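Under the numbering used here, the letters of the sequence shown match residues 10 to 115, in that order. Backbone N, C-alpha and C define an ideal beta-carbon position, used for all residues, glycine too. Model, not experiment: these values are computed from the prediction. Each remark here refers to the structure printed beneath this line.
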Amino acid sequence: MQSIKEILEGPNVSNYQGSEKTKEMVEEQIEKIWGKSEVKNYDPYKSALTFVSWLHLGYRPKKGSKALKSIVIIERKNTAGEIIGRYPKTINLFYYRSVEPIASQT
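Shown next as structure tokens:
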């Protein structure tokens, strides 16, 4: 299992697509919870991941931690693969400060 430091310094692990609006949404929530100084540590490609992404890395949200809300745009396609519609979907992200290693069960 990688340490948090290795995850933050390693290759990108999230599906973040580069939206400034969603980045700003998450930054505002981080500032509200951990303060202005923590916003500079936020990297949308590595430090805020979904529950399943953290599980794959060997981490889980700490008890009582709250998810950061973000949105993704889902594209609906027809059978020919053409985009026929788009709609927003809310996703829950957990910041690296709100996760802990999963204890090994032996």
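- Q26 and V35 have their C-alpha atoms some 14 angstroms from each other.
- For a cut-off of 8 angstroms, the C-beta gap from Y68 to I111 is around 6 angstroms, short enough to register as a contact.
- In the structure shown, E47 falls within a helical segment according to DSSP collapsed to helix, strand and coil.
- In this structure, S62 lies near V22, with their beta-carbon atoms less than 8 angstroms apart.
- Within the segment 14-98, the complete alpha helix (DSSP H) segments at least 4 residues long are 29-43, 45-48, 60-65, listed from N- to C-terminus.
- Taking the Cβ atoms as the reference, R85 lies roughly 6 angstroms from I93, within the contact range of under 8 angstroms.
- Nearest to K32 by C-alpha distance, out of L58, E91, H65, K14, is L58.
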